[in-house]
Each structure stands twice: as structure tokens, then as C-alpha cells.
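Undergrad: In the numbering used here, the protein residues as written are 113 to 239.
Note that the Cβ used here is the ideal one computed from N, Cα and C, for glycine as well.
Quantities reported herein were computed from a predicted structural model and do not represent experimental measurements.
Mind having a look at this structure? Questions to follow.
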Amino acid sequence: MSLTSSVCLLLSEWISFLLAAVPPRSRRTFVELLIGCMLNPEGWVTRAIGAIRREAHWTTYYKLIERANVSVADLSIQLLQLTQRVFSKRAGQPDYRRYAGSSLREERAGGSASNTITATRPTGPPF
């Protein structure tokens, strides 16, 4: 498999894993913004939106961010679990198979492996 194919496959799997923390209705918009941020990492939402071929009106992207349709806590847990799984070592190789097909909801339902972080939602104020 070529390097380009490998990168595309891994990126697709990682984005799919993160989408478990995003409500179904917001997933397309979230992916568009995420890819826009990867293409133009200056930190400006307008630049991220400008870097993609928009499929929705600009207010759709604004509403996703402004109304906080995506739980930051759930997305952070997913990102932490993904990072842990990608960098876990088994026989000197990253264990990419561990995260394929699992999700935050599966982890919460008790399907977690012994080496993963328990997915709990923080209580109280964030600071």
C-alpha cells in the first residue's frame, strides 16, 4: 500500500472514530470544518471555511460552533482515547487495530479493553 493510501486510510479511520462524539445531524459540518482546519491551520474559522468546498451556507458552520452542538467533553475523551490507542505499543508496533470500529458509546457500554482510559463525563464546572 502506498504512503498516500496509508495516510488516507488512517485519517479516515481517525475522523470516523472522532465522529462518535458528534451528533449525527452535525457530522458532515464537523468533518468539513475539521478538514478546513487541517488545510489552513491559522486558527481562523473563516479561513477554515474558505479552505473547503462548502456544502452548506456559512451560517451552518457558525451555528455548529456558536450553539455548541458538539460536546467538548465527549470530543476530548474521544481524542484522548484515539491518541492513547495510536501510541500504544505491542511488539514494537503501534496497535492501530484496537480503535478500528469502536466508539465512545461502546466504551461507555462496557466494551473497553483493559488498557484504555475509562470514558467518564466530568461533573461540575470545567475549571
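Within a Cβ cutoff of 7 Å, which residues of the same chain sit near Ser188, ignoring the five residues on either side of it in sequence?
TA: Hits under 7 Å: none found.
Undergrad: Do Leu192 and Trp126 have their CB atoms nearer than 8 Å?
TA: Taking 8 Å as the Cβ cut-off, Leu192 and Trp126 do not qualify as a contacting pair.
Undergrad: Between Ser128, Ser118, Leu151, which has its C-alpha nearest Arg140's C-alpha?
TA: The option with the nearest alpha carbon to Arg140 is Ser128.
Undergrad: Pick from Pro135, Gly148, Arg166: whose alpha carbon is nearest that of Val184?
TA: Comparing Cα-Cα distances from Val184 to each of Pro135, Gly148, Arg166, the minimum goes to Pro135.
Undergrad: Roughly how many angstroms lie between the CA atoms of Trp259 and Ser200, to the nearest whole one?
TA: As displayed, the chain neither begins before 113 nor continues past 239, which places residue 259 out of reach and without an answer.
Undergrad: Quick one: Cα of Thr153 to Cα of Arg159, how far?
TA: It should be noted that the sequence gives Pro, not Thr, for residue 153. Spanning the two alpha carbons is a distance of roughly 8 Å.
Undergrad: What separation, rounded to the nearest whole angstrom, lies between the Cα atoms of Leu115 and Thr172?
TA: If I take the Cα positions, the gap works out to 34 Å.
Undergrad: Distance, Cα to Cα, Pro234 vs Asp186?
TA: A caution first: Pro234 carries a pLDDT of 46, below 50, which makes its placement in the model too unreliable to give a value.
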